[in-house]
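Colleague: Here you go, one structure.
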Amino acid sequence: MNNIFIVSYDCSRLGNYFLRCNKDIQSFLSTYFAKTTIRCTHNNCDRNILHSELSSCEDNYVVTIYAHGKDDKIIDNSENDLINIDDARSSYNNAIVYSTSCYSANQLGIEMHKYGCKFFFGYSEKSYVCMSSKDIFIELDNFALKKIFLNNTIDGQKIYEETNTFFENKLEEMRDINPLVAPLIMHNKESFKIYHNQMIYPS
Amino acid sequence: MINIIILDDELENTEDNIELWESDLEEVKSKFNLEIYSSPIKALERIRSLGKNTIIILDMQMEEMNGAIFLKALRDDNITVPVIGYTGNTNDDLLLDLLKNDLFSYVRKASSNPMELIEYINKAIEKFKDNIPLELTDALSEYLERHPEAKNIEIIVKEDGSSLTLENIEKEINKGSPFGIDYQKALYKMSFEDLKSKRKTFE
């Protein structure tokens, strides 16, 4: 990948969850891809900055966002748009977009995919985090992204299947740790969607 | 086994009817213990003896005791099982009475006939799919009693950063909050039978 953008926004209730997701990916990238350009910001990126940065990218770039979301937008912690539906139609051609925001796989993901986004990952429902098991939820949230980086070519079907299996394994693990938290992993597993090459996973 | 009690005073010769519908009800009977009553008093006695794992399908317009009074009698008796009312009456006051007494849902009917009844049963099953079996709710409560340290574990919704604790799961389910509904659906997907086999983790 030529350029990797990692944007995260935490709110007081979430603590540093999104920052930790951000750092987890940075740590992974620095281990495996030391030469890749990583442009990352935490709590200080806005829509204009993002646009400006993206305008210099032509192909093969990844935009990863850890922030709150709605059907048609991803927002910062002041509820300003970071990405909205207009951006989805114009600014993400050829991008790989990875969002763990609630609902982002709905209108936003669909429009991005329709307008040329190469690959999109997001949740179609609310997604939940259990604060006492943050590490597991971070692993789950970042798993598919790591798979994208580790493969030379992107195969949506394969990434979906591997991610689904990973969720299932973590679900079993969580049943022993705290059975009351396991349904949250099940819910998140059932909510993530992948758009790639005119296909939606799960189909 | 979950019990389904149908109470409808227009169903005469109920036992004969069940035999006639045997093939149509086969699928239902393989999943549930199904009993049909035309007498509210007899139904009430039976429901008292059955306990929690019961869902009631209730005709709201019976001569001996109307559905709203029957429902109130249940609740006054601290019987909190889900009740689905069916009625052709569109009277708003009646519906308000139903809501006040915590009716789980209602469906409208044109007449009482076997095929329509089967449709009600199927609707009840569909509703029940999204409703956590009460036996499992007990298991969750028991788990929290045995592991009080888990009560304060925090769950965060990534949509907006709102939070709740594991202690509140049952309350959220009972009031039908978005979290409660998501949690129920996830539990259903994990499958009730599967969870029952994991009961050892609750004990």
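Chains A and B are the protein sequences, given in the same order. Counting from 0, one number per residue, gives the positions in the first sequence under numbering that gives the first Met the number 0. Counting from 0, one number per residue, gives the positions in the second sequence under numbering that gives the first Met the number 0. C-beta: ideal position from N, C-alpha, C; glycine also.
1. Touch check for the segment 35-50 of chain B and the segment 153-168 of chain A: three-plus C-beta pairs under 8 Å?
2. Who are the Cβ neighbours of residue 31 of chain A in its own chain at under 8 Å, not counting the five residues just before and after it?
3. At a CB distance below 8 Å, what residues from the segment 52-81 of chain B approach chain A? Give them in sequence order.
4. Can you tell me whether residue 48 of chain A is buried or exposed, with buried defined as 16 or more other CB within 10 angstroms of its CB?
5. Is residue 153 of chain A helix, strand or coil by DSSP?
6. If you count every other CB in all the chains shown that lies within 10 Å of the CB of residue 197 of chain A, and 16 or more means buried, which is it?
7. Considering residue 50 of chain A, what are the terminal residues of the beta strand (DSSP E) in which it resides?
8. Express the C-alpha separation of residue 8 of chain A and residue 142 of chain A in angstroms, rounding to a whole number.
9. Give the residues of chain A in contact with residue 175 of chain B, contact being defined as C-beta atoms less than 8 Å apart.
10. Quick check on residue 179 of chain A: does DSSP put it in helix, strand or coil?
11. Whose CA, out of B/33, B/6, B/167, B/170, lies closest to the CA of residue 205 of chain B?
12. Hey, is residue 180 of chain A's beta-carbon within less than 9 Å of any beta-carbon in chain B?
13. Thinking just about the alpha-carbon of each residue, which of A/11, A/34, A/3, A/12 is nearest to the one in residue 21 of chain A?
14. Give me the Cα-Cα distance between residue 125 of chain A and residue 180 of chain B, rounded to the nearest whole angstrom.
15. Determine whether the Cβ of residue 181 of chain B lies closer than 9 Å to any Cβ atom of chain A.
16. Show which residues of chain B have a CB atom less than 9 Å away from the CB atom of residue 99 of chain A.
17. So the alpha helix (DSSP H) residue 26 of chain A belongs to, where does it begin and stop?
18. Should residue 178 of chain B be flagged as near chain A, meaning a C-beta pair shorter than 9 Å?
19. Going by CA-CA distance only, name the one from A/91, A/67, A/89 that's closest to residue 80 of chain A.
20. Going by other Cβ atoms of all chains shown within 10 Å of its Cβ, with 16 needed for buried, is residue 115 of chain A buried or exposed?
21. Kindly provide the ranges of any beta strand (DSSP E) runs that are 3 or more residues long and lie completely inside the segment 148-190 of chain B, ordered along the chain.
22. If you reduce the DSSP assignment to three classes, tell me which class residue 88 of chain A lands in.
Modeller: The answer reads as follows:
1. no
2. 148, 149
3. none
4. exposed
5. coil
6. exposed
7. Element bounds for residue 50 of chain A: not the beta strand (DSSP E) but the alpha helix (DSSP H), 46-53.
8. Their backbone Cα atoms lie some 19 Å apart in a straight line.
9. Neighbours of residue 175 of chain B on chain A: none; closest Cβ ~15 Å, over 8 Å.
10. coil
11. No answer is possible for residue 205 of chain B: it lies beyond the span of chain B, which begins at 0 and ends at 202.
12. yes
13. A/3
14. 12 Å
15. yes
16. 157
17. Segment 16-31, the alpha helix (DSSP H) holding residue 26 of chain A.
18. yes
19. Its Cα nearest to that of residue 80 of chain A, the residue A/67 stands out among A/91, A/67, A/89.
20. By the 10 Å Cβ count, residue 115 of chain A comes out exposed.
21. 153-156, 162-164
22. helix
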